[in-house]
Amino acid sequence: MEGGKKLKNLLEKWPFGTVATTAWFKDLSISTQLVQHYIRDKWIESIGWGAYKRVNDEVKWYGGLSSLQKQVGLPIHVGGPTALFLRGNAHYVRLKSDEVFLFSLVNTRLPKWFLEYDWGLVIEEVKTSMLPEEVAINSLDYKGVGIAVSSLERAILESLYLCPDKFDLLECYQILEGLVNLRPQIVQDLLVQCSSIKVKRLFLYMADKAQLPVFKHLKLGEIDLGSGDRMIVKKGVYDKKYQLCLPKELIDYV
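If you're matching positions, the sequence shown starts at 5 in my numbering and goes up one per residue.
Okay, structure coming up:
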């Protein structure tokens, strides 16, 4: 295919607002020489090593993330409070407008271009193997760009994982109170597969306290809750049933 036809093919397949990577160019049989030619002709411009955007196009964090997911194939997704917010079920979330939570496996390495590009906000990458990467994550169309985002069931567990250091426990509880349509089987599967005792106990404590509909459907005997106490905060109040030391304001909240 000639250079002009390859360029036409590239522009037809390249969604606006997203990043093109060298890996994707290779899949489209676009050589390094052609890339340099497109740069000279002002069709594309570099935003970092191995990453490009259309000239005069604006790329946001979700456009870069989409490329990491679809072109590079990295196991990374929008999770926690950001996922709750994007799915429109976090009416109480006081998210910083300049902060996005991305979850990835412990051994995932993000490319330099993504880490160093000025997205206009803070990217909080949370590396954890608390849950299998492929479970309860779905595609969401956000401002015309498809990205992988945690389901509500997974997102609330990820939010609890961030508590109390990066996310407030009481705020997380207030969000959980409104999640009345959580799917029991998905919650059950996630809790069974979750490796964090803290997260599982916190979820069950909160779901029990809030009398969430999903709670009565859970098979608690299949969920490993470990042994011994878990101190979530220092100088807190002890909950005997779930063996948690929790903030007094959460215990007293009604």
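Cβ atoms here follow ideal geometry from the backbone N, Cα and C, with glycine treated the same way.
For Y257, the three-state secondary structure derived from DSSP is coil. Taken through DSSP and simplified to helix, strand or coil, A24 comes out as strand.
When the Cα atoms are used, N60 and I43 turn out to be separated by approximately 12 angstroms. Along the stretch 35–61, the beta strand (DSSP E) occurs as fully enclosed runs of 3 or more residues at 48–52 and 55–58, listed in sequence order. According to DSSP, residue pairing for A152 in a beta bridge involves S143. When DSSP states are grouped into helix, strand and coil, V196 belongs to the helix group. For the pair F105 and D256, the Cα-to-Cα distance works out to about 29 angstroms. Taking every protein chain shown into account, the CB of P217 has fewer than 16 other CB atoms within 10 angstroms, so this residue is exposed. The C-beta distance from L14 to L32 rounds to 6 angstroms, short enough to meet the 8 angstroms contact threshold. Taking a 10 Å sphere around the C-beta of Y242, we find fewer than 16 other C-beta atoms and assign the residue as exposed.
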